[in-house]
Every structure is written in structure tokens, then in C-alpha cells.
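Here is the structure we will look at, set down as C-alpha cells.
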Amino acid sequence: MKEFLLGLVFCLFVAPVWAESRDVEKHFFNQHLGDFKAELDTAKTEGKQGILLMFEMEDCPFCHRMKQTILNQPEVQDYYRQHFLIFSVDSEGANGLVDFSGKTTTEKQFALDHRVRATPVFLFFDLSGKVLTRFTGAAKDNREFMALGRYVVEGAYKTMPFARYKQQAAK
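Reminder that position 133 of the sequence shown reads as 136 in my numbering, one-by-one numbering, no gaps.
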């Protein structure tokens, strides 16, 4: 009887969580060659609203939590991929890249240029490479991260801070 109850709990609560998640690298992030200026053209061609960069570090527990609990959810992945090209940037990385203006730099310097001091940091860029808004830290849950996406897609970032947008959306 004990095994039956444990199996039932597994099937009802644990298995659905596993079934609902997808690989973050394959379904959330786009692959890139490190040329963000060229990615702007791709975003325009594909009809995206902009580019989202997630600045992260290898040993960042908050980055890991985001990937394991939020960025792996199909609803989040589908919504963000519909509206943005999405790339990861190692804020301590030595890999070379081309920034939005065409300047060659490293991931670490690019992060410093954008005042990334803690991770994760999500920076949304428009199709000209201008920062639209910034979100620092891990989102509380899927709902908050989805609200962040809508905040940018709907253009609410132009008229109010994200905290006020969340309050209005909750009413």
C-alpha cells in the first residue's frame, strides 16, 4: 500500500512538472556567433520586437534557479521566442563578441559596459540596439517573468516602472 501511495503522489505531482519542462538551451536561448550587430538584422527580418540578453555567471545560484524553474517552461519559452531573439552572455567570459554598435569586445567587458554587477540581469534591446528596460535578479515565478515580457511587448516600459505595471496587472 505504501508503494502504491508513493507512486500515486509521483504520478500526480512530480511527473507533470517533468513533462512540462523543456531544455532551456534548445527552446529558450537562440544560438549566436557573438555578433549582436548582425543579430539586430536577423531580429528585424524575423519580425521580432527586439533582443533579450541574459547576463549570467557559471556558479550563479539565481541563474540556475531561473533556468530550472522558469526558463524551462513551454509557455515562457514560446512567448519570449515569439517576440525576441534571446541570447546568454557570460558576464565573466573572455569570449569575443561584436556589440550592437559593431565594436569588438569581450563578454566580460560588454557586461561591464552595461553595468552588470550581479546576475542574472535581463536586458531588453530594441531593433536599433538601444536598451529598453532592465530586470536584475531572478523572477519570483513564471507569472512575474511573463509579466516582464508583456511589459516590454506592450510598450508599458515607456510610461511606467515594472513594479507599477505588475500592480496594475494584478488588479
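Glycine included, each C-beta is placed from N, C-alpha and C at the ideal position.
Rounded to the nearest angstrom, what separates residue i and residue j at their Cα positions?
i: R167; j: K51; result: 25 Å
i: S104; j: G158; result: 23 Å
i: E23; j: T107; result: 39 Å
i: M69; j: A141; result: 6 Å
i: F125; j: C63; result: 14 Å
i: R118; j: H30; result: 28 Å
i: M60; j: G96; result: 8 Å
Quick check on the DSSP output: the beta strand (DSSP E) that includes residue i runs from which residue to which?
i: G99; result: 99-101
i: R137; result: 134-139
i: F127; result: 124-128
i: F90; result: 87-93
Are the beta-carbon atoms belonging to residue i and residue j less than 8 Å from one another?
i: F127; j: T136; result: yes
i: L88; j: A46; result: yes
i: L56; j: V92; result: yes
i: F113; j: N33; result: no
i: D102; j: F39; result: yes
i: G132; j: L43; result: yes
i: G53; j: L115; result: no
By DSSP, does residue i sit in helix, in strand, or in coil?
i: L74; result: coil
i: L36; result: coil
i: L56; result: strand
i: D116; result: helix
i: P19; result: Annotation note: pLDDT 46 at P19 (below 50); position unreliable, coordinate value reported separately. P19: helix per DSSP, three-state reduction.
i: D81; result: helix
Could you tell me if residue i is buried or exposed, where buried requires 16 or more neighbouring beta carbons within 10 angstroms of its beta carbon?
i: A74; result: Residue 74 is actually Leu in this sequence, not Ala. That one is buried.
i: T122; result: buried
i: Q80; result: buried
i: V134; result: exposed
i: E49; result: exposed
What is the residue span of the alpha helix (DSSP H) that residue i lies within?
i: E61; result: Taken as a continuous stretch (DSSP letters only), E61 belongs to no alpha helix (DSSP H), as it is neither H nor E.
i: L151; result: 145-156
Return no unless some Cβ of chain C is closer than 8 Å to the Cβ of residue i.
i: D116; result: The structure shown has no chain C; it contains just one protein chain.
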